[in-house]
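Residue numbers (our numbering): 74 to 319. Here's the structure we're looking at; comments come further down.
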């Protein structure tokens with residue numbers, strides 16, 4: 074029953090958020106872009122750089138064993154663009170912006186500010202929720218571009234240092250073998266993960282009840298449920314997109 078109630082709350086939040094887009098509060102949207110997007114940029118870039126280096130270092134053992142150095146650019150780029158990049162970024166953002174969004178909304182909910190807005194005839198979804206959802210979605214898409222560029226550059230440098238693979242060869246196979254459908258798949262996954270993080274954290278925050286303890290519980294639940302939603306979406310989208318874009 075709790076699962077059914079959670080799905081119902083998520084659907085309700087999605088519907089009311091879509092309705093609130095008609096009167097989107099632009100100042101709150103701008104604040105959300107700075108808070109969720111720009112504020113997450115250093116962490117996202119640092120993680121992307123380290124992840125790219127780790128992928129190449131781990132792959133170097135097998136690449137050398139089978140003599141397939143020339144394919145490293147394609148393999149690394151495909152992994153970052155299609156699977157590794159969106160998934161890692163989604164998990165990081167779920168822990169950072171998902172928890173923060175849930176905590177802030179839970180604070181407003183238990184403090185009575187949400188009901189206060191309704192009491193004076195204002196729509197909290199148009200003023201607070203819809204701008205946050207849009208800001209988190211746009212932030213995810215923008216961050217994915219920056220993290221991909223940083224990750225692929227660090228992979229090229231790591232390949233040069235560990236395998237003595239020329240950067241020209243790395244990017245040559247990367248550009249030659251990757252297709253537009255691979256890029257589209259990565260964008261679709263990133264967008265879906267961003268939407269899941271924003272809706273789940275919002276639903277959790279707005280369902281908070283009690284005092285200060287409810288705020289911490291909402292933040293923790295947003296991270297756990299957001300990560301679970303990301304893994305579920307990753308499985309579904311990989312299954313569907315691999316057939317549709319093949």
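We put the beta carbon where it would ideally sit given N, CA and C, even for glycine.
Can you tell me whether DSSP reads residue i as helix, strand or coil?
i	result
residue 90	helix
residue 237	coil
residue 77	A caution first: residue 77 carries a pLDDT of 41, below 50, which makes its placement in the model unreliable, though a value can still be read off. In this structure, residue 77 counts as helix in the three-state DSSP scheme.
residue 282	coil
residue 97	coil
residue 84	helix
List the whole-angstrom C-beta distance separating residue i from residue j, where the pair is believed to meet the contact cut-off of C-beta under 8 angstroms.
i	j	result
residue 149	residue 130	About 11 angstroms; that fails the 8 angstroms criterion.
residue 174	residue 267	Not confirmed; about 12 angstroms, so no contact.
residue 292	residue 183	Actually they do not touch by this definition, with Cβ atoms about 13 angstroms apart.
residue 316	residue 199	So it is not a contact: roughly 39 angstroms between Cβ atoms.
residue 136	residue 236	6 angstroms
residue 162	residue 117	6 angstroms
residue 154	residue 255	6 angstroms
residue 310	residue 261	7 angstroms
residue 296	residue 171	6 angstroms
residue 223	residue 233	With a Cβ gap of about 16 angstroms, residue 223 and residue 233 do not count as contacting.
residue 86	residue 276	5 angstroms
Could you please give the first and the last residue of the uninterrupted alpha helix (DSSP H) stretch that includes residue i?
i	result
residue 316	285-317
residue 198	Element bounds for residue 198: n/a, residue is neither H nor E.
residue 147	145-151
residue 157	Neither: residue 157 is in no alpha helix (DSSP H) and is coded neither H nor E.
residue 262	253-279
residue 139	114-139
residue 337	Lying outside 74 to 319, the shown extent of the chain, residue 337 is not represented and no answer is given.
residue 186	186-192
Quick one, which of the options has its alpha-carbon nearest residue i's?
i	options	result
residue 225	254, 158, 273, 236	158
residue 231	87, 97, 133	133
residue 177	313, 285, 100	285
residue 156	190, 253, 251, 258	258
residue 202	94, 299, 160, 143	94
residue 63	289, 245, 276, 234	For the chain, the structure presents residues 74 to 319; residue 63 sits outside this window and is missing.
residue 114	242, 186, 165	165
residue 101	84, 197, 146	197
residue 221	88, 119, 140	119
residue 302	272, 288, 289, 205	272
residue 250	83, 152, 124	152
residue 219	263, 80, 290	263
For the 8 angstroms Cβ check, are there 3 or more pairs between the stretch 105-125 and the stretch 208-217? yes
For the structure I just gave you, are there three or more beta carbon pairs, one from the stretch 107-124 and one from the stretch 191-200, closer than 8 angstroms? no
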